[in-house]
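Asks:
Protein chains: 2
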Amino acid sequence: MSTGAPLDGLTVLEVSSFVAAPLGGLTLAQLGADVIRIDPVGGGADLGRWPLAPSGTSLYWTGLNKGKRSVTLNFRDAEGRRLLGELLAASGPGGGIVLTNAAREWLGHGELARVRPDVIHLQIQGHRDGRTAVDYTVNAEIGFPLVTGPEGLEGPVNHVLPAWDVACGLYAAVGLLAAERRRQRTGAGSAITLALADVALAVAGHLGFLAEAQVTGTDRPRIGNHLYGGLARDFRTAGGERVMVVALTRRHFGDLAAATGLAGTFAELERLLGADFGQDGDRYRHREVIAALLEPWFAGRTVAEVERDLASTSVLWSRYRRFTDLALAGNPLLGEITQPGVGPLLAPGSPLVMDGTTGPRPAPPLGADTAAVLTGLLGLPAAEIRALAERGIIGGS
Amino acid sequence: MSTGAPLDGLTVLEVSSFVAAPLGGLTLAQLGADVIRIDPVGGGADLGRWPLAPSGTSLYWTGLNKGKRSVTLNFRDAEGRRLLGELLAASGPGGGIVLTNAAREWLGHGELARVRPDVIHLQIQGHRDGRTAVDYTVNAEIGFPLVTGPEGLEGPVNHVLPAWDVACGLYAAVGLLAAERRRQRTGAGSAITLALADVALAVAGHLGFLAEAQVTGTDRPRIGNHLYGGLARDFRTAGGERVMVVALTRRHFGDLAAATGLAGTFAELERLLGADFGQDGDRYRHREVIAALLEPWFAGRTVAEVERDLASTSVLWSRYRRFTDLALAGNPLLGEITQPGVGPLLAPGSPLVMDGTTGPRPAPPLGADTAAVLTGLLGLPAAEIRALAERGIIGGS
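From first to last, the protein sequence lines stand for chains A and B. Numbering-wise, this note's numbering puts 279 at position 278 of the first sequence, and it's gapless, one number per residue. Numbering-wise, this note's numbering puts 242 at position 241 of the second sequence, and it's gapless, one number per residue.
(1) Since residue 127 (chain A) contacts residue 135 (chain A) with CB under 8 Å, what's their CB separation in whole angstroms?
(2) Could you tell me the distance, in whole angstroms, from the CA atom of residue 157 (chain B) to the CA atom of residue 235 (chain A)?
(3) Once the 5 residues before and after residue 106 (chain B) are set aside, which same chain residues still bring their CB inside 8 Å of it?
(4) Using a Cβ-Cβ cut-off of less than 8 Å, list which residues of the segment 184-200 of chain B approach chain A; keep chain order.
(5) Determine the direct distance from the alpha carbon of residue 197 (chain A) to that of residue 394 (chain B), and round the result to whole angstroms.
(6) Cutting at 7 Å between CB atoms, please list the residues of its own chain near residue 239 (chain B), excluding the five before and the five after it.
(7) What in chain B is Cβ-close to residue 156 (chain A), meaning under 9 Å?
(8) Using a beta-carbon distance below 8 Å, is residue 215 (chain B) in contact with chain A?
(9) Rounded to whole angstroms, what's the CA-CA distance from residue 1 (chain B) to residue 179 (chain B)? Just pull it up for me.
(10) With distances taken Cα to Cα, identify the nearest neighbour of residue 310 (chain B) among B:133, B:52, B:258.
(11) By how many angstroms is the C-alpha of residue 320 (chain B) removed from the C-alpha of residue 63 (chain B)?
(12) Less than 8 Å between CB atoms is the rule here; does residue 298 (chain B) satisfy it with respect to chain A?
(13) According to DSSP, is residue 15 (chain B) part of a helix, a strand, or is it coil?
(14) Counting only C-beta atoms, is residue 102 (chain B) closer than 8 Å to chain A at any point?
(15) Looking at the unbroken alpha helix (DSSP H) that takes in residue 386 (chain A), where does it start and where does it end?
(16) On the DSSP bridge list, what partners appear for residue 337 (chain B)?
(17) Return the residue from the list B:286, B:323, B:213, B:131 that minimises the CA-CA distance to residue 210 (chain A).
(18) Should residue 314 (chain B) be flagged as near chain A, meaning a C-beta pair shorter than 8 Å?
(19) What are the uninterrupted segments assigned as alpha helix (DSSP H) that are 4 or more residues long and contained completely in the segment 232-261 of chain B, given in chain order?
(20) Could you say if the segment 207-225 of chain A and the segment 52-59 of chain B meet the contact criterion of at least three C-beta pairs nearer than 8 Å?
(21) Name, in chain order, the residues that DSSP records as bridge partners for residue 9 (chain B).
(22) Against chain A, with Cβ distances strictly below 8 Å, would residue 339 (chain B) count as a contact?
(23) Provide the residue(s) that pair with residue 73 (chain A) in DSSP beta bridges, ordered along the chain.
(24) Going by DSSP, what residues sit across from residue 316 (chain A) in a beta bridge?
(25) For residue 182 (chain A), count neighbouring C-beta atoms within 10 Å of its own C-beta (all shown protein chains included) and say buried if the count is 16 or more, exposed if not.
(26) Tell me the DSSP secondary structure of residue 291 (chain B) in three-state form.
(27) Counting Cβ pairs, one atom from each stretch, are 3 or more of them under 8 Å apart for the segment 365-381 of chain A and the segment 71-78 of chain A?
(28) Hey, out of B:373, B:25, B:327, whose CA is closest to residue 400 (chain A)'s CA?
(29) I need the DSSP call for residue 401 (chain B), collapsed to helix, strand or coil.
(30) From residue 204 (chain A) to residue 390 (chain A), what distance separates their C-alpha atoms?
(31) I'd like to know whether the C-beta atoms of residue 58 (chain B) and residue 343 (chain B) end up nearer to each other than 8 Å.
(32) How about residue 149 (chain B) and residue 160 (chain A): are their beta carbons less than 8 Å apart?
(33) Any idea if residue 290 (chain B) is buried or exposed, counting beta-carbon neighbours within 10 angstroms, 16 or more meaning buried?
(34) Does any C-beta atom of chain A lie closer than 8 Å to the C-beta of residue 48 (chain B)?
(35) Which same chain residues, not among the five before or five after residue 2 (chain B), have their C-beta less than 6 Å away from its C-beta?
(36) Note down the Cα distance separating residue 202 (chain B) from residue 110 (chain B), rounded to an integer number of angstroms.
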């Protein structure tokens, strides 16, 4: 099949910073959209965010802007702001799409709909009422940090993965595609708002946390590395490494019992406790005694021996790895790119494996595509582009 | 505007269980798609997953299947499997879409493309090579649990939020919409695979974790509730409650210094250390001393006093809340539904606020729409439906 990339012909103007909005644009870019990230001249607040390469180039910024084009405009100048509107107007039938987390009136749906009535505009914000928030404050206010971490611990455990930013960025990609589908059918644009706090609350609701609090009126306990409502926990192996082991179903548990030679013990224990470890609830209620009985089996085996003994079973398990332990070479998700400011690097493409998608492409240096985009979309001659740059209305590469 | 829901006319057959695939379908359903979840008669392995309502109804299952239709078929019987293909064939121009995490040959792209050549088929799996995995094992193998949690802690800290499942479900929604966009332009269907392990590795790469490990060869340290590369941490207040405080930019830090009366102290400290706390890196390097200087200010104030003193500043902060502390009433994201098996409940709609979307709808009881869907899509008369139910080929409500 040669049907092109899934999002061929889609053009998105992204005025963004940090994680959520850039990840939304990246997700579309990796499926073939032309995503033009537009920054203020000199870059946004996220340009130098850690981690950094030895050169000082941000590995975070470059990771989130792979395969986009970069334009810099002077947003403090009316002419710079007007250029953004002109780019929007000129971005073609699959364009007219703005993704932003910047709260600026001139960047809002109302203003931009005046230049392009069918604009699809997605505004990411902290709270729905416009109050600011970031992943780390949203996570605090939603409830997860007080139920994460070791049982005896007092105080919150923050996540290291900014999970709400990630979910928000992916929701943004969904919202833009849904709106563009409707625009194709009806011609109508969309004003979409997406609040980070709403993303967190929605996901907590979809997973049953909000219903549980409403129905039971009590809080789920902090249960360390156990899985709520099932049997899963980390175990220490003979070499001191840890493995995560999960038995989600009757079959998983039966296989785990058989592989560890504990089938008879568990059967006797079920009889004594009046329990059925084939049931989620009973595996969960008796998790401590089940785990205590399993501990010596794992403690007596290296990871290689665990692997050998569990390999042909349905039991779900994995070693805990560090980022530096990951075997990246040869993984088909990753491709080698030469990232300006960093050098050669294995970087991920889209996890959506489908016809017409390609491997990862490097992030552009800040502003590198300013002239090409102004020429390509607006037809500005080179002399005018030079003049705009000299007057500080646009940045350069 | 009366342009209808964004995904009006889209019909998705979802053969799913647990989190990722059901969340993908839910995301589309909340934007107006007709999502038909098809389960084996009697339900899938996730039907009774905790948390539960007093009636035994799963708050988890109902949370993830809001606003879908539910059909049950006997997958063990060739006639039940054939009915799924017939539903696919009959699902109209916006149909022919299958979302599944079940690995069954008869449910694969190859088989289903025989009934509907333009099928869009998205297969969620553990690893790309087909090995099984779940959120908890993927999280262990990607690296986050060993850098999450208190600094002195030994061993991993699992997340309570299944963040990889959530990201995977949202990527699935993106993939289906991208493929449907291409099908509208070219007529071609898509075979999409999406591995949970690839989602985790891609996100870790997009956020710079993989590049950091490659470029520096060292692992990020475990830094408790501090934010890597910036200044953010929890603080204990006078009432014993905790607040999360974030200073991502020079302005945030300046406002925090001013609000806490520490501007002079920090200026002197910057001079002594040769540092500029307006810079991410310097705020991060000196996070312990900065936080130690801030601690007494928070410890001497109640949350209400912190709120009063930070309200008019740019400082990002939030109380840590428990799920039972969340003020749900009046939140416009939530709507009251009457969930069969549970009762009245405040449940979230889509966080994507856009014209044509509506509030949350309850999840159907298992199999409740079997007859209506078979009649509506296949035109089967009531007598034939009764006969299929009597023969155990389909379930009932």
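Glycine included, C-beta positions come from ideal geometry on N, C-alpha and C.
Replies: Quick look at the numbers:
(1) Your pair residue 127 (chain A) and residue 135 (chain A) checks out as a contact, with CB atoms roughly 7 Å apart and the cut at 8 Å.
(2) Per the coordinates, the alpha-carbon of residue 157 (chain B) lies some 8 Å from the alpha-carbon of residue 235 (chain A).
(3) Hits under 8 Å: 112.
(4) From the segment 184-200 of chain B, only 185, 186, 187, 189, 191, 192, 193, 194, 195, 196, 199, 200 have a Cβ closer than 8 Å to chain A.
(5) Taking the CA atoms as reference points, residue 394 (chain B) sits about 44 Å from residue 197 (chain A).
(6) Setting aside the 5 residues that flank it on each side, residue 239 (chain B) is surrounded in the same chain by 300, 301, 302, 303, each with a C-beta closer than 7 Å to its C-beta; the list follows chain order.
(7) Chain-ordered, the chain B residues with CB closer than 9 Å to the CB of residue 156 (chain A) read 151, 226, 235, 237, 243, 321.
(8) With respect to chain A, the C-beta atom of residue 215 (chain B) has a partner C-beta closer than 8 Å.
(9) The requested residue 1 (chain B) does not occur in the structure, where chain B is confined to residues 2 to 398.
(10) Nearest option by C-alpha distance: B:258.
(11) For residue 63 (chain B) and residue 320 (chain B), the gap between their C-alpha atoms comes out near 29 Å.
(12) Judged by the 8 Å Cβ criterion, residue 298 (chain B) is not in contact with chain A.
(13) Note: residue 15 (chain B) maps to strand in three-state DSSP.
(14) Not flagged as an interface residue toward chain A: residue 102 (chain B), since no C-beta distance is shorter than 8 Å.
(15) Per DSSP, the continuous alpha helix (DSSP H) segment holding residue 386 (chain A) begins and ends at 383-391.
(16) DSSP, once it has assigned bridges, lists B:347 as partnering residue 337 (chain B).
(17) Of the candidates B:286, B:323, B:213, B:131, the residue whose Cα lies closest to the Cα of residue 210 (chain A) is B:323.
(18) At a cut-off of 8 Å, the C-beta of residue 314 (chain B) has no neighbouring C-beta in chain A.
(19) The segment 232-261 of chain B contains, as complete alpha helix (DSSP H) runs of 4+ residues, the segments 251-260 (chain order).
(20) Cβ pair count under 8 Å is three or more, so yes.
(21) According to DSSP, residue pairing for residue 9 (chain B) in a beta bridge does not occur.
(22) Chain A contact via Cβ: absent.
(23) Residue 73 (chain A) is bridged to A:40.
(24) Under DSSP, residue 316 (chain A) takes part in no beta bridge, so it has no partner.
(25) Counting the other CB atoms within 10 Å of its CB gives residue 182 (chain A) a total of 16 or more, which places it among the buried residues.
(26) Three-state result, residue 291 (chain B): helix.
(27) They touch, by the three-pair rule.
(28) With chain A covering 2 to 398 only, the question about residue 400 (chain A) has no answer from this structure.
(29) The structure shown does not extend to residue 401 (chain B), since chain B spans only 2 to 398, so no value can be given for it.
(30) Using only the alpha carbons, I get a separation of about 45 Å.
(31) Going by C-beta atoms, residue 58 (chain B) is nearer than 8 Å to residue 343 (chain B).
(32) Contact: yes.
(33) Burial call: exposed.
(34) For residue 48 (chain B), the nearest beta carbon of chain A is not closer than 8 Å to its own beta carbon.
(35) At residue 2 (chain B) the pLDDT is 47, less than 50, meaning the model places this residue with poor confidence; the figure from the coordinates comes in the next sentence. The answer, listed in chain order, is 356.
(36) Straight-line Cα distance between these residues: approximately 25 Å.
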